[in-house]
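This report concerns only the one structure given below.
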Amino acid sequence: MKRWLTWLVNCLVVVFVCNSFEASAAEAPRYEIQFPDIPGYKTLKCDLHMHTVFSDGLVWPTVRVAEAWRLGLDAISITDHIEYQPHKDDVPTKHNRPYELAEGRAQMAGIMLIRGAEITRDTPPGHFNAIFLNDNQPIETKEFLDAIKAANDQQAFVFWNHQAWQGEEKGRWLDVHTTMFDNKWLHGLEVCNGDGYYPTAHRWCLEKNLTMMGTSDIHQPDLLQRNTAQNHRTLTLVFVKEKTIPGLKEALFAGRTVVWFKDQLIGREEWLAPLFKAMVEVSPPHHRTDKAAWVCIRNKADVDLRLERTGDLGPAKLDLAAGAVSLVQIAVGKTSGPWELKYTVKNLLVAPEKGLPVVLHVPER
Numbered sequence: 000m001k002r003w004l005t006w007l008v009n010c011l012v013v014v015f016v017c018n019s020f021e022a023s024a025a026e027a028p029r030y031e032i033q034f035p036d037i038p039g040y041k042t043l044k045c046d047l048h049m050h051t052v053f054s055d056g057l058v059w060p061t062v063r064v065a066e067a068w069r070l071g072l073d074a075i076s077i078t079d080h081i082e083y084q085p086h087k088d089d090v091p092t093k094h095n096r097p098y099e100l101a102e103g104r105a106q107m108a109g110i111m112l113i114r115g116a117e118i119t120r121d122t123p124p125g126h127f128n129a130i131f132l133n134d135n136q137p138i139e140t141k142e143f144l145d146a147i148k149a150a151n152d153q154q155a156f157v158f159w160n161h162q163a164w165q166g167e168e169k170g171r172w173l174d175v176h177t178t179m180f181d182n183k184w185l186h187g188l189e190v191c192n193g194d195g196y197y198p199t200a201h202r203w204c205l206e207k208n209l210t211m212m213g214t215s216d217i218h219q220p221d222l223l224q225r226n227t228a229q230n231h232r233t234l235t236l237v238f239v240k241e242k243t244i245p246g247l248k249e250a251l252f253a254g255r256t257v258v259w260f261k262d263q264l265i266g267r268e269e270w271l272a273p274l275f276k277a278m279v280e281v282s283p284p285h286h287r288t289d290k291a292a293w294v295c296i297r298n299k300a301d302v303d304l305r306l307e308r309t310g311d312l313g314p315a316k317l318d319l320a321a322g323a324v325s326l327v328q329i330a331v332g333k334t335s336g337p338w339e340l341k342y343t344v345k346n347l348l349v350a351p352e353k354g355l356p357v358v359l360h361v362p363e364r
């Protein structure tokens, strides 16, 4: 009898805490992540790899939605492990249940919730996320490739998680990956996962035309109050034609992504270049002398930018703080504008250790 009463009290406490959390989350302020849209596309901030108590995470599914609201995310996917269920003595193995529990909360918050799962096998071959599923249950199969095929039979988007998390040798490309690639069953790789950057995965994305992904792979509660340039989740910026789940899916299959990782943006030049152009605004000179012109350069995004000069004009190094305006002196002499300042943005990576080449156009006053 005493054990039963203890169990009942614990259940009531859990229900009270969850309800209190959801009530407070509805009133919590949302801090938007500042990355601009680019021509022809809207920029969505997405975390498509996270866990709950239904696998090895430490929170209830609705908590992930509340975090997404507070931290300015547009889309999330709860991707609990199919094969790894360490809490199964306390939480039943129901592969669709995390999505079902979070769906209503996500709709109320205006968060796009994507049904997903993590196919978890030894490394190699590794762990793989399948998102945009209709039903998680068919993914639970004995054979690895049967699980990958079952996901693709549902037109899922499949990406390889944390490729070298156990070292490059275990994360090498094998025949099984070639089979997936040749069958068009593999669509992307995590270039960044949590605090880890995987340059091999970065190169493979470029070589094999696979989509670059960045995720938090969060297990614990997220205690951040807001994402900032100095402290933020690893995320994927996705450039969509329309802000809908089908629009997000189309953009991921098309590879229109940039990864936000620590103080870096990582992606193909075709997407980093327009994003940089939308982020940075150069004003006409507000002061001139016989030797120089003074201009203001605004960085409208939530990432600091580190530039090194490759041309003749401008400071040798130029640091543009996130969300700030920098005052810049340009030694132009008596020449009239407009001027072009040629730089490489060292922390916008178009390939491992290769920064984005840019030109800052300074208009005439």
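All letters in the sequence shown, in the order written, are residues 0 to 364 by numbering that gives the first Met the number 0.
Every residue, glycine too, gets a C-beta built ideally from N, C-alpha and C.
Buried versus exposed call for residue i [16 or more other C-beta atoms within 10 Å across all chains shown]
i, result
"GLY332", "exposed"
"ALA253", "exposed"
"PRO91", "exposed"
"MET211", "buried"
"ARG171", "exposed"
"HIS161", "buried"
"ASP221", "buried"
"HIS231", "buried"
"HIS50", "buried"
"ASN226", "buried"
"ALA149", "buried"
"ALA163", "buried"
"ALA228", "buried"
"SER23", "Legend: pLDDT at SER23 = 47, less than 50; position of this residue unreliable, no value from coordinates given."
Segment limits, alpha helix (DSSP H) that includes residue i
i, result
"TRP259", "Note, TRP259: premise wrong, no alpha helix (DSSP H); beta strand (DSSP E) at 256-260."
"PHE180", "174-181"
"ASN151", "143-152"
"GLU268", "268-278"
"LEU70", "Segment: none, LEU70 is in no alpha helix (DSSP H) and carries neither H nor E."
"ALA253", "244-253"
"ALA200", "198-207"
Same chain only: Cβ atoms within 8 Å of residue i, ignoring 5 sequence neighbours per side
i, result
"HIS176", "PRO124, TRP159, LEU185"
"VAL361", "VAL281, PRO283, PRO284, ALA292, VAL294, ILE329, GLY336, PRO337, TRP338, GLU339, LEU340"
"PHE143", "ILE118, ARG120, PRO124, VAL175"
"VAL190", "TYR196, TYR197, ALA200, HIS201, CYS204, MET211, MET212, GLY213, VAL258, PHE260, ILE265"
"TRP270", "ILE37, PHE238, ARG255, THR256, VAL257"
"ALA350", "HIS201, ARG202, LEU205"
"LEU247", "LEU43, CYS45, ALA74, MET111, ILE113, VAL237, VAL239"
"TYR40", "PHE238, VAL239, LYS240, ALA250, ARG255"
"GLU102", "LEU112"
Start-to-end residues for the beta strand (DSSP E) that takes in residue i
i, result
"TRP159", "156-159"
"LEU112", "111-119"
"THR42", "41-46"
"ALA129", "126-130"
"THR78", "Segment: none, THR78 is in no beta strand (DSSP E) and carries neither H nor E."
As assigned by DSSP and simplified to three states, the class of residue i
i, result
"ALA350", "strand"
"TYR98", "helix"
"HIS186", "coil"
"VAL324", "strand"
"VAL361", "strand"
"GLU31", "coil"
"LEU223", "coil"
"GLN165", "coil"
"LEU57", "coil"
"GLN263", "strand"
"ARG104", "helix"
"SER23", "Residue placement at SER23 is flagged as unreliable, the pLDDT there being 47, under the threshold of 50; a coordinate-derived value is accordingly withheld."
"PRO137", "helix"
Candidates the options, of which the one nearest residue i by Cα
i, options, result
"LYS240", "ASN230, HIS231, LEU251, THR233", "LEU251"
"ILE244", "ILE75, ALA315, ALA65, ALA277", "ILE75"
"GLY56", "ASP73, GLN84, TYR40", "GLN84"
"ASP301", "HIS218, ALA27, ILE32", "ILE32"
"ALA105", "ASN128, ILE81, ILE77", "ILE77"
"ILE138", "HIS80, VAL237, ASP289", "HIS80"
"GLN219", "ARG29, THR140, SER54, PRO35", "SER54"
"PRO28", "TYR40, GLU66, HIS50", "GLU66"
"TYR30", "TRP59, VAL64, VAL58, LEU72", "LEU72"
"GLN136", "PRO356, GLU363, THR235, GLU82", "GLU82"
"ARG287", "LEU312, GLU363, ARG267, LEU234", "GLU363"
"ASP134", "HIS94, VAL64, ILE147, VAL344", "HIS94"
Chain-order list of residues whose beta-carbon lies under 6 Å from that of residue i (same chain, five-residue window excluded)
i, result
"LYS341", "THR309, GLY310, VAL358"
"ASP216", "HIS48, ASN192, GLY193"
"LEU317", "LEU306"
"LYS353", "none"
"SER325", "ILE296, LEU319"
Contacting residues, own chain, Cβ-Cβ under 7 Å from residue i (five flanking each side not counted)
i, result
"ALA155", "ALA129, ILE130, PHE131, LEU132"
"ASN298", "MET278, VAL279, LEU304, LEU319, ALA320, ALA321, GLY322, ALA323"
"PRO273", "ILE37, PRO38"
Chain C contact for residue i (CB, 8 Å cutoff)
i, result
"ARG267", "The structure shown contains no chain C, having only a single protein chain."
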